[in-house]
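4 protein chains.
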Amino acid sequence: MQSSIGCKRWAIAEGYIPGWSHGPEPQFTSHETVCLLNASNEDAHVSITIYFTDREPAGPYRITVPARRTRHVRFNDLTDPEPIPRDTDYASVIESDVPIVVQHTRLDSRQAENALLSTIAYASRD
Amino acid sequence: MQSSIGCKRWAIAEGYIPGWSHGPEPQFTSHETVCLLNASNEDAHVSITIYFTDREPAGPYRITVPARRTRHVRFNDLTDPEPIPRDTDYASVIESDVPIVVQHTRLDSRQAENALLSTIAYASRD
Amino acid sequence: MQSSIGCKRWAIAEGYIPGWSHGPEPQFTSHETVCLLNASNEDAHVSITIYFTDREPAGPYRITVPARRTRHVRFNDLTDPEPIPRDTDYASVIESDVPIVVQHTRLDSRQAENALLSTIAYASRD
Amino acid sequence: MQSSIGCKRWAIAEGYIPGWSHGPEPQFTSHETVCLLNASNEDAHVSITIYFTDREPAGPYRITVPARRTRHVRFNDLTDPEPIPRDTDYASVIESDVPIVVQHTRLDSRQAENALLSTIAYASRD
Numbered sequence: 001m002q003s004s005i006g007c008k009r010w011a012i013a014e015g016y017i018p019g020w021s022h023g024p025e026p027q028f029t030s031h032e033t034v035c036l037l038n039a040s041n042e043d044a045h046v047s048i049t050i051y052f053t054d055r056e057p058a059g060p061y062r063i064t065v066p067a068r069r070t071r072h073v074r075f076n077d078l079t080d081p082e083p084i085p086r087d088t089d090y091a092s093v094i095e096s097d098v099p100i101v102v103q104h105t106r107l108d109s110r111q112a113e114n115a116l117l118s119t120i121a122y123a124s125r126d
Numbered sequence: 127m128q129s130s131i132g133c134k135r136w137a138i139a140e141g142y143i144p145g146w147s148h149g150p151e152p153q154f155t156s157h158e159t160v161c162l163l164n165a166s167n168e169d170a171h172v173s174i175t176i177y178f179t180d181r182e183p184a185g186p187y188r189i190t191v192p193a194r195r196t197r198h199v200r201f202n203d204l205t206d207p208e209p210i211p212r213d214t215d216y217a218s219v220i221e222s223d224v225p226i227v228v229q230h231t232r233l234d235s236r237q238a239e240n241a242l243l244s245t246i247a248y249a250s251r252d
Numbered sequence: 253m254q255s256s257i258g259c260k261r262w263a264i265a266e267g268y269i270p271g272w273s274h275g276p277e278p279q280f281t282s283h284e285t286v287c288l289l290n291a292s293n294e295d296a297h298v299s300i301t302i303y304f305t306d307r308e309p310a311g312p313y314r315i316t317v318p319a320r321r322t323r324h325v326r327f328n329d330l331t332d333p334e335p336i337p338r339d340t341d342y343a344s345v346i347e348s349d350v351p352i353v354v355q356h357t358r359l360d361s362r363q364a365e366n367a368l369l370s371t372i373a374y375a376s377r378d
Numbered sequence: 379m380q381s382s383i384g385c386k387r388w389a390i391a392e393g394y395i396p397g398w399s400h401g402p403e404p405q406f407t408s409h410e411t412v413c414l415l416n417a418s419n420e421d422a423h424v425s426i427t428i429y430f431t432d433r434e435p436a437g438p439y440r441i442t443v444p445a446r447r448t449r450h451v452r453f454n455d456l457t458d459p460e461p462i463p464r465d466t467d468y469a470s471v472i473e474s475d476v477p478i479v480v481q482h483t484r485l486d487s488r489q490a491e492n493a494l495l496s497t498i499a500y501a502s503r504d
């Protein structure tokens, strides 16, 4: 249907959960988020695979984004099949059975004042 | 005409208006902005739909960007058909009848020093 | 030649030069930059047009990026045919006669600690 | 194989390693990073060329990203064939023999509180 927008395969090459935080939780807990938008009229079944520098990938982590909903998932909260280590470089590939849109955001509160970054993820148009 | 640039459907998967602010208003009010550029020679009639985590979408919010103009619209200021709640995750789809370019920016002034993020939105090339 | 990379038409929908600054100049002067990379073996003749909210566009501003060079141009420094006003929303279209790559960055030093944003510009693949 | 994602040629038009830092090393050393994700089942042999404002390009800098791994490389750490000067504008082109995904991040700790920026790099789909 015309309501769907996006792609079925995305990647985020940057990934890093800072090791500590300042300020009131949970808003100011240092975190890294993958924002998922499913504008279609069908539920999206999403699988995330995490890549590391020196070991085989972890996952898949499975998330459902219902039809016409967004979910902003903190990598900090992914625990099944295993938690994502802090203060460690990683990257991710996001796959969905319906088109979705993916954006990547980090809030770093290791110092007294927080810092932010965000970028659209890489959309595979193959 | 050659002057137009962009696409007619865009999406921003991240969306979050911080719940409070520091510093002089309106520049340092925590805000989230959608920047719209219409380089064409026809007015752009833009509709924004807002997606949430746990309810049906809101909108459409209607905005006109005149020919050869830019408008930087704060989500904070969208009130018709309903205001966008603070401290709440959302996402947006932006549709226009002529090609436009869309960029997403947030200024977060919840702490004493402000933080910024920005990214090009997702352009649907379908 | 294989060395060239990029597109000939780009757009940046966000644009805003903060009205004041903190810290040592010129590094900590609040500024907005368009980064231009010309990896080709021919000089790039670049024209920038600036769009506003409530008046006709300004420009073209003309910049040459020599073959195999990058130029990081502060919008603050564009003066011909007219300076870009501070504390004012704008947007830009960047056109080149050879393929280039364009990225947008802001350093905001209005408060004691600086904030940064950056994004790839919108590449027109038409 | 279906596991690979990305492109073989990328570019980052922004590049600047701040000249000084605050806070504990190495996390808070001002740095500029190129994040490389190789989700394929073959090793990626990556070449980075650095472009400047007023001299011929430097490089290639050669990096291997093993199959199913990510590497987050600080430009600060590139020394062969020559180190990248601090407080100097540059840009980069990244080429790989298998598809990869590239993202660009800077942490600027010149002031007491750090600032962050990140963007997906430009993907050449030619």
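Residue numbers (my numbering), protein chains in the order written: chain A, 1 to 126; chain B, 127 to 252; chain C, 253 to 378; chain D, 379 to 504.
Even for Gly, the Cβ is constructed at its ideal location relative to N, Cα and C.
Remember, it's a predicted structure, so these values are computed and weren't measured experimentally.
query	result
Report the three-state DSSP secondary structure of Met379/D (helix, strand or coil).	Confidence at Met379/D is low in this model, with a pLDDT of 40, below 50, so its placement is unreliable and the value that follows should be read with caution. Here Met379/D sits in coil by DSSP.
Within 10 angstroms of its Cβ, does Glu182/B collect 16 or more other Cβ (buried), or is it exposed?	exposed
Restricting to runs no shorter than 3 residues, where is the beta strand (DSSP E) found entirely within the region 281-305 of chain C?	283-290, 296-304
Can you tell me whether Asp206/B is helix, strand or coil according to DSSP?	coil
Near Val471/D, which residues of its chain fall below 6 Å by C-beta distance, leaving aside the five closest residues on each side in sequence?	Ala389, Thr427
Determine which residues of the region 160-180 of chain B have a Cβ less than 8 Å from any Cβ of chain D, and write them out in chain order.	none
Below 8 Å, how does it come out for the region 275-282 of chain C and the region 312-325 of chain C: are there three or more Cβ pairs, yes or no?	no
Give the straight-line distance between the Cα atoms of Ala217/B and Ala123/A, rounded to the nearest whole angstrom.	17 Å
Who are the Cβ neighbours of Met253/C in its own chain at under 8 Å, not counting the five residues just before and after it?	Bear in mind that the predicted position of Met253/C carries a pLDDT of just 40, short of 50, making it too unreliable to give a figure here.
Are Ile131/B and Pro225/B close, meaning C-beta to C-beta below 8 Å?	yes
Comparing the C-beta of Thr119/A with each C-beta of chain E, is any distance below 8 Å?	Looking at the structure shown, chain E is missing, and the protein chains on hand are A, B, C and D.
Mark His45/A as exposed unless 16 or more other C-beta atoms lie within 10 angstroms of its C-beta, in which case mark it buried.	exposed
Between the region 203-229 of chain B and chain C, which residues of the former have a C-beta closer than 7 Å to a C-beta of the latter?	Val227, Val228, Gln229
Tell me where the beta strand (DSSP E) around Gln481/D begins and ends.	468-486
Could you work out which residue in Ser255/C, Ala310/C, Asp332/C, Asn328/C is closest to Asp360/C when comparing CA atoms only?	Asn328/C
Compute the Euclidean distance between the alpha carbons of Pro162/B and Arg194/B, then round it to the nearest angstrom.	Note on identity: in this sequence residue 162/B is Leu, with Pro being the wrong assignment. Those two C-alpha atoms are separated by around 11 Å.
Can you check which of these residues, Ala13/A, Lys8/A, His72/A, is closest to Asp141/B by C-alpha distance?	The displayed chain sequence assigns Gly, not Asp, to residue 141/B. The shortest Cα separation from Gly141/B among Ala13/A, Lys8/A, His72/A belongs to His72/A.
What's the call for Glu82/A, buried or exposed, on a 16-neighbour Cβ count within 10 Å?	exposed
Cα separation between Cys259/C and Gly23/A?	43 Å
Name the chain A residues whose beta carbon is nearer than 8 Å to that of Ile395/D?	Neighbours of Ile395/D on chain A: none; closest Cβ ~17 Å, over 8 Å.
Can you find the residues in the same chain that come closer than 6 Å, C-beta to C-beta, to Arg452/D, ignoring five residues on each side of it along the sequence?	His409, Thr411
Return the first residue and the last residue of the beta strand (DSSP E) that His324/C is part of.	321-326
Beta-carbon separation of Thr305/C and Asp341/C under 8 Å?	yes
Have a look at Ile462/D and Leu456/D and give me their C-alpha separation to the nearest angstrom.	7 Å
Report the neighbours of Arg106/A on chain D: residues whose CB is nearer than 8 Å to its CB, in chain order.	Leu494, Ser496
Check Thr371/C in the structure and name its three-state DSSP category.	strand
In terms of residues, what are the limits of the beta strand (DSSP E) holding Tyr313/C?	310-317
Taking Cβ to Cβ, would you say Ile372/C is nearer than 8 Å to Ala499/D?	yes
Kindly indicate the opening and closing residues of the beta strand (DSSP E) around Ile390/D.	385-390
Can you list the residues of chain A that Thr407/D reaches, using a CB-CB cut of under 7 Å?	The contacting residues do not exist; Thr407/D stays about 13 Å from chain A at best.
Using a Cβ cut-off of 9 Å, pull out every chain C residue sitting near Tyr500/D, in sequence order please.	Ile257, Gly258, Cys259, Leu289, Val353, Val354, Gln355, Ile372, Ala373, Ala375
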